[in-house]
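**Q** Following this message is one structure expressed as structure tokens.
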Amino acid sequence: MDRVQFIEAVRAAGVVGEGGAGFPAHVKYAGSADTVIANGCECEPLLHTDRHHMERDARAAAGALAELKRASGAGRGIFALKKKQTRAIPQVREACGDFGLEMALLEDFYPAGDEQILVRELTGRSVPALGIPLQAGCMVANVGTLVSVDAALRGASVTHKTLTVTGEVRQPGIVRVPVGTSMDECLAAAGGALVADPVFILGGPMMGRLVENEATLKKEHVAKTDGGLIALPRGHCLHLNASQNVERMRRRAAAACIQCRFCSDLCPRMLIGQPFETHRVMRVFGAGAEMESEAGRKAHLCSGCGVCEHYACPMRLSPRRVNQAIKQALNNAKILYDGPRGTKEEQTRPREYRKIPLSRLASRLGVSRYMGLETPDLGTLKPDVIRVPLGRHIGAPALPLVLPGQKVRSGECIGEIPEKSLGARAHAGINGVVVSVDDAVTIRSEEYA
Ligand code: SF4
Ligand code: SF4
Numbered sequence: 021m022d023r024v025q026f027i028e029a030v031r032a033a034g035v036v037g038e039g040g041a042g043f044p045a046h047v048k049y050a051g052s053a054d055t056v057i058a059n060g061c062e063c064e065p066l067l068h069t070d071r072h073h074m075e076r077d078a079r080a081a082a083g084a085l086a087e088l089k090r091a092s093g094a095g096r097g098i099f100a101l102k103k104k105q106t107r108a109i110p111q112v113r114e115a116c117g118d119f120g121l122e123m124a125l126l127e128d129f130y131p132a133g134d135e136q137i138l139v140r141e142l143t144g145r146s147v148p149a150l151g152i153p154l155q156a157g158c159m160v161a162n163v164g165t166l167v168s169v170d171a172a173l174r175g176a177s178v179t180h181k182t183l184t185v186t187g188e189v190r191q192p193g194i195v196r197v198p199v200g201t202s203m204d205e206c207l208a209a210a211g212g213a214l215v216a217d218p219v220f221i222l223g224g225p226m227m228g229r230l231v232e233n234e235a236t237l238k239k240e241h242v243a244k245t246d247g248g249l250i251a252l253p254r255g256h257c258l259h260l261n262a263s264q265n266v267e268r269m270r271r272r273a274a275a276a277c278i279q280c281r282f283c284s285d286l287c288p289r290m291l292i293g294q295p296f297e298t299h300r301v302m303r304v305f306g307a308g309a310e311m312e313s314e315a316g317r318k319a320h321l322c323s324g325c326g327v328c329e330h331y332a333c334p335m336r337l338s339p340r341r342v343n344q345a346i347k348q349a350l351n352n353a354k355i356l357y358d359g360p361r362g363t364k365e366e367q368t369r370p371r372e373y374r375k376i377p378l379s380r381l382a383s384r385l386g387v388s389r390y391m392g393l394e395t396p397d398l399g400t401l402k403p404d405v406i407r408v409p410l411g412r413h414i415g416a417p418a419l420p421l422v423l424p425g426q427k428v429r430s431g432e433c434i435g436e437i438p439e440k441s442l443g444a445r446a447h448a449g450i451n452g453v454v455v456s457v458d459d460a461v462t463i464r465s466e467e468y469a
């Protein structure tokens, strides 16, 4: 398969980055790199989705990485996972041997799975501020994405997604569901919540999104970028933290930020040399001057990893959420980052001893008791209704190709990339009839000849 055929197969199948970003893979893979990296270093506490992929489908992921290596003209292909993923290591080692890839084993620190941190770990190169790994000669692909690429090369579209469902649930585990399945069905597959009136996090505890109650969870539908669902008791510290509004965060920043710099000194982006100083963002935010100051514009450089908020700050302030709020306001006002983008090597020197062990992080997050939970394979769900999102990826929403009343088959393309736009196709994950079309295509299951 040549490069053009590879890219076309990935585009046709609707593959996007499944690690969370949702960048269309056919665009990401169109460049040239000297190193391609499979990212199996899932670093959010409690999530085991990538580990599951590697234990089950290491050969598929490695085969896809080898194809990506060929297509991008890379000289090195590295399959990266963690030393602690002992059940996956033999499969990955064997697959790497068969496909001529290197295997790299990383320590269990956060955020090992951030692609910029991974590039630094494996190559010693730093991606510039607001840059992408390609600017350091690398292409990084999440292992779940690579499993989808392998399927795409055999003509299968992205119709299903694998998630970890854990926390306060009866049977924590891994579920595979058609894209568009309601999140409350994923919860039910794990036996439902163990506590009354729970709250939920979609994604991991560090970077995930809060869902306030079960009624709201019913309205959430699985996208290609989702990797986890965590149930927590109402009033858990993650719930309280995520519930603060901007004005409360501002009052707390003004009253309690002691400018100790811990948020800056432990920031993984600062530690790969990028010009980011979170404590200065907090200072101008507390003074209400973030929109007109150079320090405020630095919020654009934040990756949202959460180290500052969940680990570094002794005053329990929320620099990550502050950065997110400022970024949103700057984007709305069309104010871009106009500062330096180069990296400073001297900033990287303390990196090695500022890596954050996952067990210590879990303890700070109040989720240690869920860390050791077994997450067996709970199988594949067959929901009666799915709501396939047309726009939960980076770029323009897909244009619907179907109308209410129309019959569709699993794997059929139901949303096309708008002409000359960045985007990804959408596909049906069940056989059925289209019920409605808006920002998603709702399909009711129906078997027919
Ligand atoms: S770690 Fe907390 S208190 Fe210290 S400078 Fe950062 S936000 Fe302020
Ligand atoms: S969330 Fe905090 S630690 Fe992470 S990149 Fe942003 S400022 Fe740095």
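If you read the sequence shown in this note's numbering, its first letter stands for residue 21, the second for the next number, and so on.
Yeah, the Cβ is synthetic: ideal placement off N, Cα and C, and Gly gets one too.
Keep in mind that this is a model prediction, so the values were computed, not measured.
Near Ile-414, what residues of its chain come up, given a Cβ to Cβ distance below 6 angstroms and the 5 sequence neighbours on each side ignored?
**A** For Ile-414, where only same-chain residues beyond five positions count, the Cβ hits under 6 angstroms are Gly-42 and Phe-43.
**Q** Find the nearest neighbour of Glu-372 within the set Gly-40, Glu-141 and Val-342, judged by alpha-carbon distance.
**A** Among Gly-40, Glu-141 and Val-342, the Cα nearest to that of Glu-372 is on Glu-141.
**Q** Would you check whether ligand 2 has a heavy atom nearer than 7 angstroms to the C-beta of Thr-236?
**A** Outside the cutoff, so no.
**Q** At least one CB of chain C closer than 8 angstroms to the CB of Arg-270: is that the case?
**A** Protein chain content of the structure displayed is limited to a single chain, and chain C is not contained in it.
**Q** Which residues in the same chain have their Cβ closer than 6 angstroms to the Cβ of Glu-64, if we skip the five residues on either side of it in sequence?
**A** Taken in chain order, the residues that qualify are Gly-224 and Met-226.
**Q** Could you check the C-alpha separation between Lys-103 and Pro-377 for me, to the nearest Å?
**A** Going from the Cα of Lys-103 to the Cα of Pro-377 covers about 13 angstroms.
**Q** How about Pro-148: is its Cβ closer than 7 angstroms to a heavy atom in ligand 2?
**A** Checking the Cβ of Pro-148 against ligand 2 gives no.
**Q** Take Asp-170 as the anchor and find which of Leu-101, Ala-29 and Gly-324 has the nearest alpha-carbon.
**A** Ranking Leu-101, Ala-29 and Gly-324 by Cα distance to Asp-170 puts Ala-29 first.
**Q** For Asn-265, count neighbouring Cβ atoms within 10 angstroms of its own Cβ and tell me buried if that reaches 16, exposed if not.
**A** That one is exposed.
**Q** Can you round the beta-carbon distance between Leu-291 and Pro-339 to whole angstroms, since I take them to be within the 8 angstroms contact cut?
**A** Actually they are not in contact, since the Cβ atoms of Leu-291 and Pro-339 sit about 15 angstroms apart, beyond 8 angstroms.
**Q** Sort Leu-125, Gln-111, Thr-236 and His-180 by Cα distance to Val-36 and report the nearest one.
**A** If we check each option's Cα against that of Val-36, His-180 comes out closest.
**Q** Just verifying my parser: in three-state terms, what is the DSSP assignment at Leu-101?
**A** Leu-101: strand per DSSP, three-state reduction.
**Q** Would you say the beta carbon of Gln-426 comes nearer than 7 angstroms to a heavy atom of ligand 1?
**A** No, the Cβ of Gln-426 stays beyond 7 angstroms of every heavy atom of ligand 1.
**Q** Could you say if the segment 309-320 and the segment 338-352 meet the contact criterion of at least three C-beta pairs nearer than 8 angstroms?
**A** Short answer: they touch.
**Q** Less than 8 angstroms between the beta carbons of Asp-134 and Ser-441, yes or no?
**A** No. Outside cutoff.
**Q** Find the nearest neighbour of His-330 within the set His-259, Val-301, Arg-268 and Arg-303, judged by alpha-carbon distance.
**A** Nearest C-alpha to His-330: His-259.
**Q** Which residues in the same chain as Gln-111 place their Cβ atom closer than 8 angstroms to its Cβ, once the five residues preceding and following it in sequence are excluded?
**A** So the qualifying residues of the chain are Met-74, Glu-75, Ala-78 and Arg-79.
**Q** Please name the residue, chosen from Ala-315, Ser-383 and Val-457, that lies closest to Pro-417 on a Cα-to-Cα basis.
**A** Among Ala-315, Ser-383 and Val-457, the Cα nearest to that of Pro-417 belongs to Val-457.
**Q** State the start and end residues of the unbroken beta strand (DSSP E) segment that holds Gly-316.
**A** That residue, Gly-316, is in no beta strand (DSSP E); its alpha helix (DSSP H) goes 314-317.
**Q** Judging by CA-CA distance, which residue of Leu-419, Arg-374, Leu-183 and Tyr-130 is the nearest neighbour of Asp-246?
**A** Ranking Leu-419, Arg-374, Leu-183 and Tyr-130 by Cα distance to Asp-246 puts Leu-183 first.
**Q** Confirm the yes/no value for this check: CB of Asn-265, any heavy atom of ligand 2, distance under 7 angstroms.
**A** No, ligand 2 has no heavy atom inside 7 angstroms of this Cβ.
**Q** Counting only runs of 3+ residues fully inside the segment 130-164, write out the beta strand (DSSP E) ranges in chain order.
**A** Entirely contained in the segment 130-164, the beta strand (DSSP E) runs reaching 3 residues are, in chain order, 158-162.
**Q** By Cβ distance below 8 angstroms, which residues in the same chain neighbour Val-178 in space, the five residues on each side in sequence not counted?
**A** These residues qualify, in order along the chain: Ala-33, Gly-34, Val-35, Val-36, Ser-168, Ala-171, Ala-172, Val-199, Lys-244 and His-447.
**Q** Tell me whether Ser-323 counts as near ligand 2, meaning its Cβ is closer than 7 angstroms to at least one heavy atom of that ligand.
**A** Correct: Ser-323 has its Cβ closer than 7 angstroms to ligand 2.
**Q** Examine ligand 2 and report whether any of its heavy atoms sits within less than 7 angstroms of the Cβ of Pro-288.
**A** Because some heavy atom of ligand 2 lies under 7 angstroms away, the Cβ of Pro-288 counts as near it: yes.
**Q** If we require 4 or more residues per run, which alpha helix (DSSP H) segments fall completely within the segment 211-292?
**A** Complete alpha helix (DSSP H) runs here, min 4: 234-238, 257-262, 266-276 and 282-285.
**Q** Under the rule that 16 or more other beta-carbon atoms within 10 Å means buried, what is Ala-235, buried or exposed?
**A** Flag for Ala-235 reads exposed.
**Q** How far does the alpha helix (DSSP H) with Ala-41 in it reach, from first residue to last?
**A** From DSSP, Ala-41 is part of no alpha helix (DSSP H); its letter is neither H nor E.
**Q** How would you label Met-302, buried or exposed, when you count the other beta carbons within 10 angstroms and need 16 or more for buried?
**A** Buried, by the Cβ-count rule.
**Q** According to DSSP, Thr-186 sits in a beta bridge with which residue or residues?
**A** Note: Thr-186 sits in a beta bridge opposite Ile-250.
**Q** Could you tell me whether any non-hydrogen atom of ligand 2 is closer than 7 angstroms to the CB of Arg-317?
**A** For ligand 2, not one heavy atom lies less than 7 angstroms from the Cβ of Arg-317.
**Q** Roughly how many whole angstroms lie between the Cα atoms of Ser-52 and Gly-93?
**A** Spanning the two alpha carbons is a distance of roughly 6 angstroms.
**Q** Give a yes or no on whether the C-beta atoms belonging to Val-185 and Leu-401 are separated by under 8 angstroms.
**A** Not a contact, by the Cβ cut-off of 8 angstroms.
**Q** Short of 6 angstroms in beta carbon distance, which residues of its chain neighbour Ala-156, apart from the five on each side in sequence? Order them along the chain.
**A** Cβ within range, chain order: Val-139, Arg-145 and Val-147.
**Q** Ligand 1 heavy atoms versus the CB of Arg-90: any closer than 7 angstroms?
**A** Incorrect: Arg-90 has no Cβ contact closer than 7 angstroms to ligand 1.
**Q** Report back the beta-carbon spacing between Leu-421 and Glu-436 to the nearest angstrom; my notes put them in contact at under 8 angstroms.
**A** Leu-421 to Glu-436, Cβ: 6 angstroms. Contact.
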